[in-house]
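This report concerns only the one structure given below.
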Amino acid sequence: MIVFDKPKSLTDAPLHYCPGCTHGIIHRLVAEAIDELGIEGRTIGVAPVGCAVMAYDYFACDMVEAAHGRAPAVATGIKRANPENIVFTYQGDGDLASIGTAETVHSATRNENITVIFVNNAIYGMTGGQMAPTSLPGQVTQTSPYGRDTSLCGFPVKICEMLSQLDGPEFLARVAVNNVKNIKNAKATIKKAFENQVNGKGFSLVEVISSCPTNWGMTPKDALKWIDDNMIPYYPLGVYKDRSGEAK
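Written out as structure tokens, the structure reads:
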């Protein structure tokens, strides 16, 4: 009897992510949702620019590479041209919450029937650890060596809270993948976001609080604790909008 197996919607390609990075966990949760819903054959993913730029190597479904920040716009075009397909984007905080903010906001307000997986690790990972739109107040990065000064750099962008003010989006939620309980909740939430699209309900975004041990300068274990101690208090987990009113 098989108790644990690799999702069929993941390829056998070795992941390129740094040790302790939780992108791999999130990839698995997305693939499990696709498998369980039986939609792999009609799913199209849109890869970002950032640490997950090579996501097309890891998901077994069809994939499209988008220009930096433009994944929601690309996904909108794909979905409108092929409404029978299931379309998702997989984006980091620099891709979605900085250069791609406009695409995110307008896709949400139009309630485009797509699923957005937003990975928030509070830093620019691929380019070497610069301050991101989501970096915490006082957080030390390569470009904020004395900590993020909100009087100069402003405050972090809280995507779920911001988008929840729009009338358009169907479903907005924030989850984390730093312990077993949170991972199980993240899986259920990601699956719901895909189910919403299958049922034609509209725009669903799941923000996933993730770790970046390399650029945080921590061990993988300490990075998971840092999420509990610092990120989750600033970015509270939960459902921020659910127009169906159904429990996860």
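Count along the sequence shown from 1, add 11, and you get the number used in my numbering. All C-beta atoms in this analysis are idealised placements derived from N, C-alpha and C, irrespective of residue type, glycine included.
Glu218 is bridged by DSSP to Phe129 and Arg185. DSSP places Met242 within a helical segment (H, G or I) once states are collapsed to three. DSSP places Met173 in the helix class (H, G or I) of the three-state scheme. The straight-line gap separating the alpha-carbon atoms of Gln102 and Ala58 is approximately 7 Å. Boundaries of the beta strand (DSSP E) around Gln102: Ile97 to Gly103. Boundaries of the beta strand (DSSP E) harbouring Gly56: Thr54 to Ala58, taken from the DSSP string. Within 10 angstroms of the beta-carbon of Leu40 lie 16 or more other beta-carbons, which makes it buried. Note that the stretch 85 to 104 touches the stretch 119 to 129; at least 3 beta-carbon pairs, one per stretch, sit closer than 8 Å. Leaving aside the five residues that flank Asn96 on each side, the residues in its chain whose CB is nearer than 6 Å to its CB run, in chain order, Arg53 and Ile55. According to DSSP, Gly249 shares a beta bridge with Arg185.
It is roughly 12 Å from the alpha-carbon of Ile50 to the alpha-carbon of Asp73. DSSP places Asp233 inside the alpha helix (DSSP H), whose first and last residues are Pro231 to Trp237. Shown here, Val75 sits in a strand according to DSSP, grouped into three states.
Judged by their CB atoms, Ile220 and Ala187 are nearer to each other than the 7 Å cut-off. Sorting Ala42, Thr152 and Arg254 by C-alpha distance to the C-alpha of Pro224 places Thr152 at the top. Rounded to the nearest whole angstrom, the CA to CA distance from Leu248 to Ile238 is 11 Å. The stretch 78 to 90 and the stretch 170 to 189 do not touch, with fewer than three beta-carbon pairs separated by less than 8 Å.
Apart from sequence neighbours up to five positions away, the residues of its chain that approach Met229 with a beta-carbon distance below 7 Å are Trp237, ordered along the chain. Within the same chain, Cβ atoms closer than 6 Å to the Cβ of Met137 are found at Gly61 and Cys62, the five residues on either side in sequence being excluded. About 6 Å separates the Cβ atoms of Ser222 and Gly31, confirming a contact at the 8 Å cut-off.
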